[in-house]
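Per UniProt numbering, numbering through the sequence shown is continuous, rising by one, with the last residue being 452.
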Amino acid sequence: DPRKFTRNQVAKSRLLSTMTSSSSYGFPLPPSQPQKKESSTQIYFEGRPLPDHLISFSSPIGKELFKQALIEGYAEGYLNLSSCFAHQMDPAFCGLSSLSIVLNALQIKGAPIWKGPWRWWSDELLNCCTPIEEVKKNGITFSQFACLAKCHCDVIVKRADRTSKEEFIADLKNVCSSSDVYMVISFSRAAMKQTGDGHYSPIGAYNSEKNMALVLDTARFKYPSYFASVDLLYDSMLPLDKETGLSRGYFLLSSNPSHRAISLCKLSSVGNDPVVNWTALGKTFCKDIPERLLIEKPKTLEEVASVVLTDPFIISLQHALRADIENLKDEISEPDESHTLLNDIKMTALYPIVRSIFQKMQQNSSFDHSSEKQVVFATLFLLSSPSMLFKSLEPELAKKLEFYRDRTNMSSTLKYEVERVNEEMKELIMNFCICGTEKEPGTNVFCCNGSN
Numbered sequence: 001d002p003r004k005f006t007r008n009q010v011a012k013s014r015l016l017s018t019m020t021s022s023s024s025y026g027f028p029l030p031p032s033q034p035q036k037k038e039s040s041t042q043i044y045f046e047g048r049p050l051p052d053h054l055i056s057f058s059s060p061i062g063k064e065l066f067k068q069a070l071i072e073g074y075a076e077g078y079l080n081l082s083s084c085f086a087h088q089m090d091p092a093f094c095g096l097s098s099l100s101i102v103l104n105a106l107q108i109k110g111a112p113i114w115k116g117p118w119r120w121w122s123d124e125l126l127n128c129c130t131p132i133e134e135v136k137k138n139g140i141t142f143s144q145f146a147c148l149a150k151c152h153c154d155v156i157v158k159r160a161d162r163t164s165k166e167e168f169i170a171d172l173k174n175v176c177s178s179s180d181v182y183m184v185i186s187f188s189r190a191a192m193k194q195t196g197d198g199h200y201s202p203i204g205a206y207n208s209e210k211n212m213a214l215v216l217d218t219a220r221f222k223y224p225s226y227f228a229s230v231d232l233l234y235d236s237m238l239p240l241d242k243e244t245g246l247s248r249g250y251f252l253l254s255s256n257p258s259h260r261a262i263s264l265c266k267l268s269s270v271g272n273d274p275v276v277n278w279t280a281l282g283k284t285f286c287k288d289i290p291e292r293l294l295i296e297k298p299k300t301l302e303e304v305a306s307v308v309l310t311d312p313f314i315i316s317l318q319h320a321l322r323a324d325i326e327n328l329k330d331e332i333s334e335p336d337e338s339h340t341l342l343n344d345i346k347m348t349a350l351y352p353i354v355r356s357i358f359q360k361m362q363q364n365s366s367f368d369h370s371s372e373k374q375v376v377f378a379t380l381f382l383l384s385s386p387s388m389l390f391k392s393l394e395p396e397l398a399k400k401l402e403f404y405r406d407r408t409n410m411s412s413t414l415k416y417e418v419e420r421v422n423e424e425m426k427e428l429i430m431n432f433c434i435c436g437t438e439k440e441p442g443t444n445v446f447c448c449n450g451s452n
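Structure representation (structure tokens):
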């Protein structure tokens, strides 16, 4: 009987396994074949129970609270959020998951390629401000979330210790009565009497009668979505984050279709250049380049530009900026706009200086069309760079450089682009680096004081 034979074989196999694991041969197992014991310290979880003061969304009371919120008109954005909701793909991805849900709810264009031909905002693809492997280890701080969000949509950032509870409630009402703006809250789970600490989640609804908000928890493997009192939510944002020494807060995220920014922080790897990392950019602008300018003591504008433009990180940024602007024609309604921008850059007083640097660098190589484009975008970079980059220059040279960077006589197209890139750089850098507040002792170099 084949079945009987099979059972016999299984029985023999089990017996042999038992003999081997128990050393029943009459002698101990050699060191190279140690006994394998299941770990008695590993603990596994299938979710966590909500604390009593939090009300599960799917409970009878939770349903009633949501029904009232709908009637009050404070659940307008819920359907968009729920249709795009996805739990975080990694225990440390709560910030990335919250942002990707909102970006999809806002239908923000320019999503990365997800699977096959499909573009979709997915947490593991949001890596422009912090490398994804670093996020897996440490999550993201409040400022890093702000940076990441600013890469893709319009953002209003509010720290809890600088925002009153009344303002928080007013923002809740505004967000929950609209489907054009969404709130992501950054809070301490410990303050909510949950396990763990720092966490991000979108807000889905607000019940004004009970003064409770619906938290769409992205860690569905841990907690369900729930209603929490607004007082408790506000208090949970106030404890200092041990990583930064600052309080948490919340973000108001929206989309402005008319704002066709060539978003610097969307820049990805180009060729062998790394993904632009804004923490590194902050250090480059606030510390590395000012130090080089101080040490090398350039005497001419050409020497200043050479110091800046030959920095390895800045070269990477120039290449990425060039690739991004060259793709502008796929997004703009006026096809001549990018061509006008390039020509306007060539007309600036700074362009010949930058061109001479590249000609010397290439020496005997032919100066072709590709080289010209490289010069154009290097010039745009210098025109747009924040003034903090040049703080260590001698006063007269700094004054001369600012004259060459003056925007008064720029065309409207170039002026808009320079001002936009300049503001983006400053915002992103200042999220990581406090520049211009103090100098290193005995130098003119402005300190980079930490990551926030």
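Glycine included, C-beta positions come from ideal geometry on N, C-alpha and C.
Here the structure is a predicted model, which means the values were calculated and not measured.
Output the distance between the C-alpha atoms of residue i and residue j, rounded to the nearest integer angstrom.
| i | j | result |
| --- | --- | --- |
| residue 361 | residue 309 | 11 angstroms |
| residue 30 | residue 285 | Any answer about residue 30 is weak, because its pLDDT of 47 lies below 50 and its placement is not dependable; what the coordinates show is given next. When rounded, the distance between both Cα atoms is 60 angstroms. |
| residue 114 | residue 217 | 23 angstroms |
| residue 157 | residue 84 | 23 angstroms |
| residue 80 | residue 349 | 49 angstroms |
| residue 177 | residue 297 | 57 angstroms |
| residue 94 | residue 77 | 20 angstroms |
| residue 139 | residue 91 | 9 angstroms |
| residue 331 | residue 110 | Caution is warranted here: a pLDDT of 46 is assigned to residue 331, below 50, making its placement in the model unreliable, and the coordinate value is therefore given only provisionally. Taking the straight line from one Cα to the other gives about 9 angstroms. |
| residue 117 | residue 69 | 38 angstroms |
| residue 455 | residue 375 | The structure shown has nothing for residue 455, since the chain only spans 1 to 452. |
| residue 61 | residue 82 | 19 angstroms |
| residue 228 | residue 192 | 9 angstroms |
| residue 423 | residue 45 | 46 angstroms |
| residue 352 | residue 121 | 41 angstroms |
Quick one: what's got a C-beta closer than 7 angstroms to residue i's C-beta in the same chain, skipping five residues either side?
| i | result |
| --- | --- |
| residue 153 | 103, 106, 108, 253, 254, 255 |
| residue 414 | 341, 344, 345 |
| residue 98 | 184, 200, 201, 202, 218 |
| residue 132 | 124 |
| residue 180 | 254 |
| residue 357 | 302, 305, 306, 309 |
| residue 233 | 185, 187, 213 |
Between residue i and the rest of its own chain, which residues show a CB-CB distance below 6 angstroms, the 5 nearest in sequence each way excluded?
| i | result |
| --- | --- |
| residue 188 | 197, 236, 239 |
| residue 112 | 125 |
| residue 96 | 123, 126 |
| residue 208 | 72 |
Just list the residues that DSSP pairs residue i with in beta bridges.
| i | result |
| --- | --- |
| residue 202 | 184 |
| residue 249 | 159, 186 |
| residue 115 | 118 |
| residue 212 | 207, 229 |
| residue 154 | 254 |
| residue 240 | 247 |
| residue 56 | 226 |
How would you call residue i, buried or exposed, if buried means at least 16 neighbouring beta carbons within 10 angstroms?
| i | result |
| --- | --- |
| residue 194 | buried |
| residue 199 | buried |
| residue 43 | exposed |
| residue 74 | buried |
| residue 300 | exposed |
| residue 171 | buried |
| residue 225 | buried |
| residue 150 | buried |
| residue 47 | exposed |
| residue 51 | exposed |
| residue 347 | exposed |
Please go through the same chain and pick out, in chain order, the residues whose beta-carbon is closer than 8 angstroms to the beta-carbon of residue i, but skip the five residues on each side of it.
| i | result |
| --- | --- |
| residue 146 | 155, 157, 251, 431 |
| residue 307 | 289, 292, 293, 296, 298 |
| residue 401 | 301, 304, 390, 393 |
| residue 408 | none |
Margin query: Threshold first: 4 residues or longer. Then list the alpha helix (DSSP H) segments lying entirely within the stretch 337-396, N to C.
Written below: For the stretch 337-396, whole alpha helix (DSSP H) runs of length 4 or above, ordered along the chain, are 337-346, 351-362, 369-384.
Next item on the list: Report the residue ranges of all alpha helix (DSSP H) runs contained in full by the stretch 71-146; include only those spanning at least 4 residues, in chain order.
Entry: Qualifying alpha helix (DSSP H) stretches, in chain order: 78-83, 94-105, 132-138.
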